[in-house]
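Below you'll find the structure, written out as structure tokens, and then a few comments.
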Amino acid sequence: MVGDTHETDVLVWVLQPFEPLFAKLAPSPAPGSVEVTLSDYFLPEFFVSVLDVVDEELLPRRLEVKLSPYVPPGVWLDEDFLDDLETWTPPRKVLIDNGQTACFFEPCYSVFEPITELRAYKKITAANLDPQLHICRLHGVVMDDAGRVPGLLLSYIDHSGLTMSCLVGPDEPSASVRARWASQLSTALAELHKAGIVWGDVKAENVLVDQDDNAWITDFGGGYTEGWVGKEVAGTVEGDLEGMVRLREFIFQDKAQDPGDRL
1 MVGDTHETDV LVWVLQPFEP LFAKLAPSPA PGSVEVTLSD YFLPEFFVSV LDVVDEELLP
61 RRLEVKLSPY VPPGVWLDED FLDDLETWTP PRKVLIDNGQ TACFFEPCYS VFEPITELRA
121 YKKITAANLD PQLHICRLHG VVMDDAGRVP GLLLSYIDHS GLTMSCLVGP DEPSASVRAR
181 WASQLSTALA ELHKAGIVWG DVKAENVLVD QDDNAWITDF GGGYTEGWVG KEVAGTVEGD
241 LEGMVRLREF IFQDKAQDPG DRL
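full-length UniProt numbering puts the first residue of the sequence shown at 1, with every later residue one more than the last.
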């Protein structure tokens with residue numbers, strides 16, 4: 001509140017003189033005529049406007065500036081680390097194959113986690129693992145003109161928006177689905193270990209379930225979560241196996257199952 005006036009009312013009053021200028025600078029496109037790219041999202045065209053008052057008349061105008069007031073998220077990665085990037089993952093956009101294939105864009109909010117993930121995904125690619133395994137893969141990275149990496153392009157897993165942690169309860173899912181999830185995760189983890197790759201942060205929050213009820217291993221950024229993997233074994237095969245035991249316990253919720261399913 002500003003006195004008896006709501007802040008929203010003040011903003012509406014301030015905006016009104018600019019509306020004709022905004023319509024001229026950035027007219028609304030025809031419905032369905034715009035395809036927004038990741039570059040458009042992170043590096044949009046921008047306008048800076050100011051309001052002059054001459055003889056009590058409000059005169060909005062565009063102010064010519066070179067630097068955008070908006071700074072997109074991103075991290076700096078050493079060029080030497082990225083030198084051979086194209087040898088193990090071809091550069092791609094969020095929409096690849098002429099827009100037919102979607103990739104999940106994972107923003108980079110820290111320096112260390114993306115490097116850990118890239119190393120893991122490089123090992124996954126080099127191991128030539130069975131593409132039928134439900135393991136998230138890397139398709140490429142996004143890099144701006146300054147060499148900064150805003151994020152990674154990963155397998156797009158069509159899911160409900162919820163992780164496995166929100167999909168398991170006393171009555172759901174069915175016993176057959178629980179068994180499938182446990183089997184898929186155990187099989188995928190075993191293949192990762194054969195290739196010398198550690199999952200790391202094993203927990204239900206890092207498992208996505210797609211629309212066909214397949215359980216996917218995601219997040220190779222390292223770290224651990226208390227209650228799932230002990231700190232002393234975090235980042236090791238032993239830690240993964242410990243986390244997998246707890247993950248299976250979470251999936252089955254003490255429901256009856258074949259003895260072999262607990263292995």
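Backbone N, C-alpha and C define an ideal beta-carbon position, used for all residues, glycine too.
Here the structure is a predicted model, which is why all the values come from computation and not from measurement.
query                                                                                                                                                                  : result
Could you tell me which residues DSSP puts in a beta bridge with Ala195?                                                                                               : Paired residues: none, contrary to the question.
Within the continuous alpha helix (DSSP H) that includes Arg62, where are the two ends?                                                                                : Per DSSP, Arg62 belongs to no alpha helix (DSSP H); it is in the beta strand (DSSP E), Glu57 to Leu63.
Are there three or more Cβ pairs, one per stretch, closer than 8 Å when the region 175-182 is compared with the region 237-255?                                        : yes
Determine whether the beta carbon atoms of Trp216 and Val209 lie at a separation below 9 Å.                                                                            : yes
Residue ranges of each beta strand (DSSP E) run of no fewer than 3 residues wholly in the region 210-253, ordered along the chain?                                     : 215-217
Answer yes or no: do Val229 and Thr163 have a C-beta to C-beta separation smaller than 9 Å?                                                                            : no
Return the bridge partner residues of Thr163 from the DSSP annotation.                                                                                                 : Leu208
When burial is assigned at 16 or more other CB atoms within 10 Å of the CB, is Pro136 buried or exposed?                                                               : Here residue 136 is Cys; the residue named in the question, Pro, does not match the sequence. Answer is buried; the Cβ neighbour count reaches 16.
Assess contact between the region 99-112 and the region 145-162, defined as three or more Cβ pairs (one per stretch) separated by less than 8 Å. Is contact present?   : yes
Buried or exposed for Gln184, going by 16 or more other Cβ atoms inside 10 Å?                                                                                          : buried
Taking only runs that begin and end inside the region 90-149, name each unbroken beta strand (DSSP E) of 3 or more residues, in chain order.                           : 101-107 and 138-142
So, for Pro91: in the same chain, excluding its five sequence neighbours on each side, which residues have a beta-carbon less than 6 Å away from its beta-carbon?      : Low local confidence applies: a pLDDT of 45 at Pro91 is under 50, so the model's placement there is unreliable, with the coordinate-based value given in what follows. Gly140, listed in sequence order.
Spatial neighbours of Trp76 within its chain, please: CB distance less than 7 Å, with the 5 preceding and 5 following residues excluded, ordered by chain position.    : Arg148
How many angstroms separate the CA atom of Pro27 from the CA atom of Arg62?                                                                                            : 15 Å
In angstroms with no decimal places, state the Cα-to-Cα distance between Pro69 and Lys122.                                                                             : 36 Å
What's the C-alpha gap between Val12 and Leu67?                                                                                                                        : 27 Å
Cα separation between Leu247 and Leu167?                                                                                                                               : 13 Å
Can you tell me where the beta strand (DSSP E) with Ser155 in it begins and where it stops?                                                                            : Gly151 to Ser155
Check whether the region 33-52 and the region 111-125 are in contact - that is, three or more C-beta pairs closer than 8 Å.                                            : no
Alpha carbon to alpha carbon, what distance is there between Gln132 and Ala175?                                                                                        : 23 Å
Report yes if the CB atom of Thr220 is closer than 9 Å to the CB atom of Thr116, and no otherwise.                                                                     : Checking the displayed sequence, the identity of residue 220 turns out to be Phe instead of Thr. Yes, the pair counts as a contact, with Cβ atoms nearer than the cut-off.
Go through its chain and collect everything with a Cβ distance to Val65's Cβ below 6 Å, but skip five positions before and after it.                                   : Val48
For Ser186, collect the residues of the same chain with a Cβ closer than 7 Å to its Cβ; drop the 5 residues on either side in sequence, then sort them by chain order. : Met244
For Asp240, does the count of other Cβ atoms within 10 angstroms reach 16, so buried, or fall short, so exposed?                                                       : buried
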